[in-house]
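Presented below is the structure to which this report refers.
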Amino acid sequence: MRQADQPSYRERVFEIVRDIPSGRVMTYGQIAEILGEGYTARTVGYVMHGADSENVPWQRVINAKGGCSTGRFTLPVDLQQKMLEDEGVEFNEKGLCDLERVRWHPEGFGEADDSKRKILFD
DNA sequence: CTCGTGACGGGGG
DNA sequence: TCCCCCGCCACGA
77 MRQADQPSYR ERVFEIVRDI PSGRVMTYGQ IAEILGEGYT ARTVGYVMHG ADSENVPWQR
137 VINAKGGCST GRFTLPVDLQ QKMLEDEGVE FNEKGLCDLE RVRWHPEGFG EADDSKRKIL
197 FD
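For the first sequence, this note's numbering assigns the number 77 to the initial residue and increments by one for each residue that follows.
Encoded structure:
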């Protein structure tokens with residue numbers, strides 16, 4: 077089971093993903109930045125590759141453009157987008173969603189209050 | 001041990 | 001605005 081003192085690289089990522097509430101999303105890079113210590117968007121994506129067999133809401137992790145990066149194989153983009161739309165996330169005709177609106181900020185990291193962000197454009 | 005790969009990201013053309 | 005290229009790092013062959 078556990079590799080003794082193995083910090084379980086994958087588990088770190090899943091722990092954060094499980095904390096993402098329905099209707100919200102996080103990007104690969106965002107998760108990598110929070111974990112730090114050698115984690116990059118690239119590696120987080122690698123970990124998420126096997127997330128479908130884990131007990132995590134993998135569909136809530138998308139790329140920095142606001143779209144789904146699945147589809148190459150394993151899982152179709154349409155499925156992930158459909159699942160997110162089912163949670164209330166809206167996508168435009170380009171298959172992108174408004175990250176400023178649906179991005180989830182874990183407690184203790186950066187600003188959890190996205191209500192202030194709107195002032196920047198007002 | 002070395003080499004290539006990938007559910008990414010961001011800068012430049 | 002869209003497309004291409006290079007950098008990042010854990011993993012498997």
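We put the beta carbon where it would ideally sit given N, CA and C, even for glycine. From a predicted model like this one, the values you see are computed outputs, not experimental measurements.
Pick helix, strand or coil for residue i, following the three-state DSSP scheme.
i, result
"I138", "strand"
"V101", "strand"
"L196", "Caution is warranted here: a pLDDT of 31 is assigned to L196, below 50, making its placement in the model unreliable, and the coordinate value is therefore given only provisionally. L196: helix per DSSP, three-state reduction."
"I92", "helix"
Would you call the CB atoms of residue i and residue j closer than 9 Å?
i, j, result
"P133", "R88", "no"
"R86", "E113", "no"
"V178", "V165", "yes"
"S175", "V101", "According to the sequence provided, residue 175 is Leu. The question's Ser does not apply to it. Cβ distance < 9 Å, so L175 and V101 count as in contact."
"I96", "W180", "yes"
Just curious, the alpha helix (DSSP H) that residue i is in, first and last residue?
i, result
"K158", "V153 to D162"
"A117", "A117 to M124"
"E130", "First-last for E130: undefined, no H or E at that position."
"R177", "L175 to V178"
Within a Cβ cutoff of 8 Å, which residues of the same chain sit near residue i, ignoring the five residues on either side of it in sequence?
i, result
"G121", "Y104 and S145"
"H125", "T150"
"D128", "W134, T150 and L151"
Using a Cβ-Cβ cut-off of 7 Å (strictly less than) and excluding sequence neighbours within five positions of residue i, which residues of its own chain qualify?
i, result
"Q135", "Q156, M159 and L160"
"S98", "E163"
"F167", "Q157, E161 and C173"
"V141", "Per the sequence shown, the amino acid found at residue 141 is Lys instead of Val. Around K141: L172."
"Y115", "A108"
"N139", "T103, Y104 and S145"
So, at 6 Å on beta carbons, what are the nonlocal neighbours of residue i in its own chain, with the 5 sequence-adjacent residues on each side left out?
i, result
"G171", "G143"
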